[in-house]
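Trainee: Terminal number for the sequence shown in my numbering: 188, no gaps in between.
Using N, Cα and C, we set each Cβ at its ideal position, and we do this for glycine too.
These numbers were taken from a predicted model, which means no experiment stands behind them.
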Amino acid sequence: MPAGPMVFVDIDTQRDFLEESGALYVPGSREIVANLARLTRLAAERGIRVVATACRHTLADAELSEFPPHCLAGTEGQRRAEATECPDSVILGPDERLEGPLPRHLTLQKRVFDVFSRPDAGELLARYNEEMPTFVVYGVATDYCVRAAVEGLLARGCRVAVIVDAVRAIDPEAEASLLDDWVRRGVLLVMTDVVCKAGELSS
Ligand SMILES: [Zn+2]
């Protein structure tokens, strides 16, 4: 891990994606839950900032013509998994905007899988980027929401690391070539252990 501050980017670790009974279970994602919990604990203990994203749909959303209904507002499936839940997160609905300073844990809800579909996302991420941190990305699914976040961060000149043992794809075969492509574009691939060691050494 490069020295310096980290911002964790926790993508869509919601019950509908991470639980086998969920509406859009991402295959194999149960295997990353322990790592997600470690990262969440580390961030809370060390005061590492977390930007968490979350689908929050209504049946009228265009995305649901491409994917089965998932993360419907007000359902259990829309809630964050226990591993990444943060009781004092500042949660912004799709049309809400942040007022005041950046909180320790921010949840950005969205109607489209790409978090940068939120009109305020670019400006918010630019505020996080003022300290030139490494944006450390994890969650699901590598080939959709994670991809959109990683590529959106790269397009905005951010330094990005992806935790390979804390992401999972809907199409596992697509994951390897995506990771290859990201490395060519300057993304650092890391493991949960390495991030946790770096986090314990910092502060
Ligand atoms: Zn969605």
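1) Classify Gly124: buried if its beta carbon has 16 or more other beta carbons within 10 angstroms, exposed otherwise.
2) Whole alpha helix (DSSP H) runs in the region 100 to 169 with 4 or more residues, listed along the chain?
3) Between Ala175 and Ala146, which are expected to be in contact by the criterion C-beta below 8 Å, what is the C-beta distance as a whole number of angstroms?
4) What does the shell around ligand 1 hold, if a residue joins when its beta-carbon is under 6 Å from any heavy atom?
5) DSSP state of Asp46, grouped into three classes?
6) Measuring CB to CB, does Ile17 end up less than 8 Å from Val131?
7) Cβ atoms of Leu57 and His42: under 8 Å apart, would you say?
8) Determine, using beta carbons only, whether Met117 and Gly(-11) come nearer to each other than 8 Å.
Mentor: On the basis of the coordinates in this document:
1) buried
2) 106 to 113, 132 to 140 and 157 to 169
3) Note on identity: in this sequence residue 175 is Val, with Ala being the wrong assignment. That belief holds up - the Cβ atoms of Val175 and Ala146 are roughly 5 Å apart, short of 8 Å.
4) Cys40, His42, Glu48, His55, Cys56 and Phe98
5) coil
6) Using a Cβ distance threshold of 8 Å, Ile17 and Val131 do not count as a contacting pair.
7) Taking 8 Å as the Cβ cut-off, His42 and Leu57 qualify as a contacting pair.
8) Against a cut-off of 8 Å, the Cβ pair of Gly(-11) and Met117 comes out as a contact.
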